[in-house]
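There are 2 protein chains.
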Amino acid sequence: MTESDLPVANLTPGHWGNPAHTVELPAAALDALKDLGIHRPPPPPKPSPQPNTALTAAQLAFLSTVVGSQHVAADWDSRWAHTRGYSTTDLLRFRAGDTSDVPDVIVYPGTHDEVQAILSGAAEHGLAVVPYAGGTSVVGGLAPTRNFITLDLRRLDQLLELDEISRTATLQAGVRGPAAEALLAEHGYTLGHFPQSYEGASIGGYAAARSSGQSSAGYGRFDQMVVALTLATPRGTIELGRAPMSAAGPDLRQLILGSEGALGVITSVVVRIRPRPTERHFEGWHFADFATGLTAVRRLAQDGPLPTVLRLSDEVETAVNLADPDVLGGGAGGVLAIIGFDGPYNQATADVLTAAGGTNLGEGPGETWRLGRYRAPYLRDPLLDEGALVETLETATFWSRIPALKAAVTQALVDALGTTPPLVLCHISHVYETGASLYFTVICAQTDDPVTQWRTAKAAASQAIADAGGTISHHHGVGTDHRDAYTAEIGPLAVEALQAVKQTLDPHNVMNPGILLP
Amino acid sequence: MTESDLPVANLTPGHWGNPAHTVELPAAALDALKDLGIHRPPPPPKPSPQPNTALTAAQLAFLSTVVGSQHVAADWDSRWAHTRGYSTTDLLRFRAGDTSDVPDVIVYPGTHDEVQAILSGAAEHGLAVVPYAGGTSVVGGLAPTRNFITLDLRRLDQLLELDEISRTATLQAGVRGPAAEALLAEHGYTLGHFPQSYEGASIGGYAAARSSGQSSAGYGRFDQMVVALTLATPRGTIELGRAPMSAAGPDLRQLILGSEGALGVITSVVVRIRPRPTERHFEGWHFADFATGLTAVRRLAQDGPLPTVLRLSDEVETAVNLADPDVLGGGAGGVLAIIGFDGPYNQATADVLTAAGGTNLGEGPGETWRLGRYRAPYLRDPLLDEGALVETLETATFWSRIPALKAAVTQALVDALGTTPPLVLCHISHVYETGASLYFTVICAQTDDPVTQWRTAKAAASQAIADAGGTISHHHGVGTDHRDAYTAEIGPLAVEALQAVKQTLDPHNVMNPGILLP
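Chains as they are written, first to last, in the numbering used here: chain U, 322 to 839; chain S, 322 to 839.
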């Protein structure tokens, strides 16, 4: 199964991913949970009442006029299915029947002009708008602070243009990951963007949230792939990008990428594409400890040659390996790295790892990782069922700060979750010449109020990240969950500048209110 | 002589570069000028009167209080030497004794805090401020629309921090190119940024104008090297960059890079550095025509392996080669490409060029290019002396648009300069996977009013660039010369958004008024 063979997910409300791909916990994992003091919690309370849409007939008529009444859905199932994203607190609140963030109506525009017409009329009709592409936010990116309509972009599903000379493709915002690969594969190309949300996330979300995929060492981040974009705002449309790079003023594309729907709706992007590889190689490597492995991956990031995929788990993640005990040879000691090549195997990469103290474990662990690469989030649902609190968080910083940052975040999580001592797993999955990302997975027993439990721990971890000089997100984005940390990170004057941009493009604050900016 | 051996230039007012490096035109070039109908013009008129500074004693006292009176210069020579930049129209106006853009006083702050204090007090004291780093703008970036003080940043000349683990260096804005290389060379590192303005331009200017150097294929653009920056604005200081890349909102670093002093003064940047190469190789390649060479360099840009330097001249530039007739074997037909490697020679690169129809000309043309790489701008002064109008312009676009754009710009220049038919030379010097830059050099006879002559031709070329889908600048910036084309390129709504940012950071419009934005 390759990336373009994966079916487009129809995410199940309150559960991650494609229902056909759900997994059960292995017996060994269930035993391990008991060792951690984790027990199946009582069943969730009954769902709350299902409030009717708060929209008026006039508001619904406006929306129907723009997109056609068949593309406006106010029924409960549609609204419930578009509620929040897929953070653990989102799932926990979903399970608890918390209806506080349910959108009032789901609108399915079919063209850029329809999106523009809705945004242009939103203020007059008293509507707040949440752009919804794949719906896979894990940072509270879909839960604004007041009643709203959700703009589901799935009908914007076209490959509008393919420029084989320039190697660019114009893709609409609603094209999901597997669909993008399938559209490009027909012509022999790949985007090369494979985040863990790949099955459900879409082009517009990748752009709006500055996504980074598992093959980022070879293909770069999504914001590095975008060379042009079209943004619908309540004030009109902005089109940017006449060249790969320019010195004509600031790079305003980079002001739109990462704006998370707070400035407008990205309706299409022009992205760099590459020829689809005819071969792929994945393999595992063993290092004595995380520090040795860290130096090895830094060597590749700084002096090359980089593989397409480069990941390094720490000792705890290597040993625990909740994703699949077979992959990492858990318990053998040391740490595991995964490298992957789109194209021929590069012996020079392997030579660097060997010189840095690595031992080649061959293709077995690499292939196991490849086959399970989208599976980890599916494990969360049965773990939550069993009473475990499972969540991830991520950051990035410069190489010299990584050891101290990793230690500080781990300690902050252990201290904050002290009464239910957590396992804290960590890996590096995105590298640059000057630094890398750190991705943490936490697992512990749920308390009676797991939402508050996690929020307290997350706040402690966020403070540790800031104190250690890291950014609050390398690829998940800001949403509402990271808003306070984000504004502290860029400082009050930069926040004011960004608010001035929002005030210009969205003077009535109809776009994703409360997301990104206070 | 390597890049770090080059002395820091003390630019001569009205003449490019280091006086020690001035050149004379070869006899063959003088003959060629006659063939083009170019004759030595009459001597310029007497310099205009030297107006006194318009600043009041109170204004001068404020400045002296902040930086010390020994760092405030209101004498004519200092002011005249800081007048405008180095575009051909700048030089022509300088020669004509046009004093309309002379700054009122030159201030030399020694610290970020002194810069901040001046900006914080500028509005209260009725001062407009032009940041001046290397002073090498060729787009009217130093000539605002009203009386102003020039903030010469040369005293901000320190390497503040070197992080050898992260491979980053914190450099102050006033460090000029050769000084930056010398500071880094002490520790075995290089920045790898070698624009043609290298001798005079500085770190702050590179950042503010999104500079790109001759080794961009290997080292990237300057805005790709910057991982963190400090900006002093009239409202206070902004510090950005905790990681190489982040998903915490838009990349606001890319909003500051390219802001050309209109938002504030970049006082320092943290840049990626690399180990200093121990060997270098340059060589020439011949292709039958520009189209064949274009496909060859595109192959390298898209599929690699890229050399560090990659340039391709068109037929006219290859034949004329005003820079040095020995370099390009002028008249042999076809086109010349130059490739260069910082580090070992890569045969795989040569193999791609051979497969694409190239013939290896060996190291001779490569070394000649390397030795003369900063020489071309020096030729302009004696050419202007002889009555030639010489100027360059540049753009970038996607690969598929390049042939039509090149033809359209060439035709626009020929049409606009019809009474004095020009030679239009062109080369590609910066490549990306999805596109490349085009750099044009124009030479023809001056009319009686060469400033208007060039402005008319430039307007026609700019319109041709826009019509063909190119950006108005790949690496020279916007300044005042490109302002109208720039605002048309990003559109009125994006201009409003940028003005809102300026209004927030610079509410009294003291920063470089008239530069970048109307």
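All C-beta atoms in this analysis are idealised placements derived from N, C-alpha and C, irrespective of residue type, glycine included.
Taking 7 Å as the cut-off, decide whether the C-beta atoms of residue i and residue j are in contact.
i	j	result
S:Val388	S:Val428	yes
S:Arg601	S:Trp720	no
U:Thr605	U:Leu682	First, the residue type needs correcting, since residue 605 of chain U is Gly and not Thr in the sequence shown. For U:Gly605 and U:Leu682, yes; Cβs fall inside 7 Å.
U:Gly708	U:Ile439	no
U:Thr629	U:Leu657	no
S:Gly509	S:Arg597	yes
S:Ala501	S:Leu492	yes
S:Trp397	S:Pro698	no
U:Ala782	U:Leu726	no
S:Thr409	S:Glu754	no
S:Ala529	S:Leu837	no
U:Thr680	U:His607	yes
U:Ala785	U:Val730	yes
In whole angstroms, give me the CA-to-CA distance for residue i and residue j.
i	j	result
S:Arg497	S:Leu512	12 Å
U:Ile793	U:Gly835	17 Å
U:Val763	U:His514	26 Å
U:Ala494	U:Gly442	21 Å
U:Gly534	U:Gly655	26 Å
U:Tyr760	S:Arg400	54 Å
S:Glu560	U:Glu810	9 Å
U:Ala345	S:Val590	Correcting the residue type first, residue 345 of chain U is Glu in the shown sequence and not Ala. Answer to the nearest angstrom: the Cα atoms are 50 Å apart.
S:Val648	S:Leu692	Unreliable placement is indicated for S:Val648, whose pLDDT of 43 sits below 50; the coordinate value is still reported in the next sentence. Approximately 10 Å, taken between the alpha carbons.
S:Glu636	S:Gln732	15 Å
S:Val822	U:Ala375	36 Å
U:Thr343	U:Leu826	42 Å
U:Val745	U:Ala490	40 Å
U:Ala622	S:Val450	41 Å
S:Thr558	S:Ser580	15 Å
S:Pro646	S:Pro565	Only weak support is given to the placement of S:Pro646: the predicted model assigns it a pLDDT of 47, under 50, and the question is left unresolved by the model.
U:Ala503	U:Ala676	39 Å
S:Gly526	S:Arg488	22 Å
According to DSSP, simplified to helix, strand and coil, what is residue i?
i	result
U:Met546	helix
U:Gly442	helix
S:Arg595	strand
U:Tyr510	strand
U:Leu746	strand
S:Val451	strand
S:Pro646	Residue confidence is low: S:Pro646 scores 47 on pLDDT, short of 50, so the model does not pin down where it sits. No coordinate-derived value is stated.
U:Met322	Reliability fails at U:Met322, whose pLDDT of 39 lies under 50, so the model's placement of it is uncertain and the value that follows must be treated cautiously. In the structure shown, U:Met322 sits in coil (DSSP, three-state: anything other than H, G, I, E or B).
S:Ser589	strand
S:Phe611	helix
S:Thr675	helix
S:Glu600	coil
S:Gly693	coil
S:Tyr540	helix
S:Ile764	strand
S:Gly687	helix
S:Val618	helix
S:Gly525	helix
U:Ala464	coil
Report back the beta-carbon spacing between residue i and residue j to the nearest angstrom; my notes put them in contact at under 8 Å.
i	j	result
U:Val436	U:Leu472	7 Å
U:Pro452	U:Val547	Incorrect: roughly 16 Å between the Cβ atoms, too far for contact.
U:Pro571	S:Leu700	Going by Cβ atoms, the distance from U:Pro571 to S:Leu700 rounds to 33 Å, so no, they are not a contact pair.
Kindly examine the ligand MN and report whether one of its heavy atoms sits closer than 6 Å to the Cβ of residue i.
i	result
U:Ile786	Inclusion of the ligand MN in the displayed structure is not the case, the ligand content being empty and no account of it being possible.
Give the residues from the stretch 699-718 of chain S that approach chain U closer than 7 Å (Cβ to any Cβ), ordered along the chain.
Ala717, Thr718
Name, going along the chain, the residues of the stretch 784-795 of chain U whose beta-carbon falls closer than 7 Å to a beta-carbon of chain S.
Gly790, Gly791, Thr792, Ile793, Ser794, His795
Members of the stretch 526-539 of chain S that neighbour chain U once the beta carbon cut-off is set at 8 Å:
Ala530, Arg531, Ser532, Ser533
If contact means a Cβ-Cβ distance below 9 Å, which residues of the stretch 558-578 of chain S contact chain U?
Thr558, Ile559, Glu560, Leu561, Gly562, Arg563, Ala564, Pro565, Met566, Ser567, Ala568, Ala569, Gly570, Pro571, Asp572, Leu573, Arg574, Gln575, Leu576, Ile577, Leu578
Chain-ordered residues of the stretch 607-624 of chain S with a beta carbon less than 9 Å from chain U:
Arg619, Gln623, Asp624
Chain-ordered residues of the stretch 824-838 of chain U with a beta carbon less than 7 Å from chain S
Correct list: Gln824, Thr825, Leu826, Leu837.
Please list the residues of the stretch 754-780 of chain S that have a C-beta atom closer than 7 Å to any C-beta atom in chain U, keeping them in chain order.
Glu754, Thr755, Gly756
What residues in the stretch 804-815 of chain U have a beta carbon less than 7 Å from any beta carbon of chain S?
Tyr807, Glu810, Ile811, Gly812, Leu814, Ala815
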